[in-house]
Amino acid sequence: MNPDKPTGLVVLNMGGPDSLSAVRPFLYQLFSDRDLIQLPAGALLQKPFAALISVLRAPKVRLNYAQIGGASPQLMWTTRQVEGVARELGPRVRPFVAMRYWAPRADEAVKRMKADGIDRAVVLSLYPHYTGATTGSSLNDFARAVQKHHPGLQYTIIREWYDWPGYLDALANRVREGLGRFHEMVRDEVTVLFSAHALPQKFIDRGDPYLAHVQATVRGVMARVGEAQPWALAFQSRSGPVQWMEPDTVDEIDRLAAAGAPGVLIVPVSFVSDHIETLQEIDFEYRLHAEKVGLPRFERSPSLNDGPDFIKALAGLVATHLETQA
246 MNPDKPTGLV
256 VLNMGGPDSL
266 SAVRPFLYQL
276 FSDRDLIQLP
286 AGALLQKPFA
296 ALISVLRAPK
306 VRLNYAQIGG
316 ASPQLMWTTR
326 QVEGVARELG
336 PRVRPFVAMR
346 YWAPRADEAV
356 KRMKADGIDR
366 AVVLSLYPHY
376 TGATTGSSLN
386 DFARAVQKHH
396 PGLQYTIIRE
406 WYDWPGYLDA
416 LANRVREGLG
426 RFHEMVRDEV
436 TVLFSAHALP
446 QKFIDRGDPY
456 LAHVQATVRG
466 VMARVGEAQP
476 WALAFQSRSG
486 PVQWMEPDTV
496 DEIDRLAAAG
506 APGVLIVPVS
516 FVSDHIETLQ
526 EIDFEYRLHA
536 EKVGLPRFER
546 SPSLNDGPDF
556 IKALAGLVAT
566 HLETQA
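Residue numbers (the working numbering): 246 to 571.
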């Protein structure tokens, strides 16, 4: 890319409702996405299905968001992340956020780049592990926005970075910090339970690399933390009557409690910032379940958020990518 012209840095993420009244329309956008949910009847029924499911699920989901303050913090963290990376890379890199299911959407980011005279960009997925259901969907959405609003934009893509050393280092730092909360007498016996977002098993069966990417991340982190530490991998956030990736995080908590484990450290491995799955599902639901089944100690490792080590890791990732495009 031309070093004398500004380069846009666009980060892709899921997005989340910014108020309790936004929950239902947010769910409608999510369930309307055919990259994520493909109904057997085809596209014809997608929007009626999305309308029905969003109405049915909104009351419970609103209660979940009410437990964490009434809104998703993901936009705040995503903005801090991309602005932090841009500062590391210098004034010729301009930050933009493109959320998939809520504002600011890809259309808005692309319009802003055109208005700012930016005709080159790097698109960075903030999902470290590729799956067509998340990164693939976001890239398709971004491509449609470019075609519609700024067809002259040239952009390259960082599609996955599950094995980027700086990312593994930052995640290992969070694991060490979490383990430090346990008494030294039991610390070596605490199980590090990596919890990734589940996908329907059919994605994996048809060749989606998500599981392999998550497993590679876990191996890389434990190689840094110390492979003698007990660890396991499980999957959370199931919804709907389909076969999901296994084991479920709750089932692993049950297994550890039955085995007499002194404690568990949950590590949200497929999430790079706090949001509903960490602040409500893990911190409320899973913590209460662990207490119910008699697990002596339950902790969650801190999220990456805008930690300096994580921001530098992302900046190094983007800088290396830019060097290959020069």
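We put the CB at the ideal spot given by N, CA and C, even for glycine.
These numbers were taken from a predicted model, which means no experiment stands behind them.
By alpha-carbon distance to Val256, the top candidate from Ala331, Val538, Leu510 and Pro293 is Ala331.
Within the model, the alpha-carbon separation for Leu549 versus Ser277 is close to 30 Å. Cα atoms of Ala303 and Asn309: separation of roughly 10 Å, rounded to the nearest angstrom. The secondary-structure analysis by DSSP pairs His442 across a beta bridge with Gln481. Beta-bridge analysis with DSSP links Thr401 to Val367. Below 8 Å, enough C-beta pairs join the region 498 to 511 and the region 534 to 553 to call them touching: three or more. Following the DSSP letters along the chain, one finds Gly329 in no beta strand (DSSP E) but inside the alpha helix (DSSP H) bounded by residues Gln319 to Leu334. The three-state reading of DSSP puts Glu472 in coil, since its state is none of H, G, I, E or B. Taking Pro445 as the centre and dropping the five residues before and after it, the same chain places the C-beta of Val487, Gln488 and Trp489 closer than 7 Å to its C-beta, in chain order.
With a cutoff of 7 Å on beta-carbon distance, Leu265 and Arg307 are scored as near each other. Fewer than three beta-carbon pairs drawn from the region 411 to 428 and the region 387 to 398 are found closer than 8 Å, and the two stretches are therefore not classed as touching.
The C-alpha of Arg345 is placed about 13 Å away from the C-alpha of Pro270. The Cβ atoms of Ser317 and His520 sit closer than 7 Å to each other.
Going by beta carbons, Arg464 and Ala417 fall outside the 7 Å limit.
Here Phe480 is buried. Its C-beta has 16 or more other C-beta atoms within 10 Å. Under the three-state reduction of DSSP output, Asp493 falls in the strand class.
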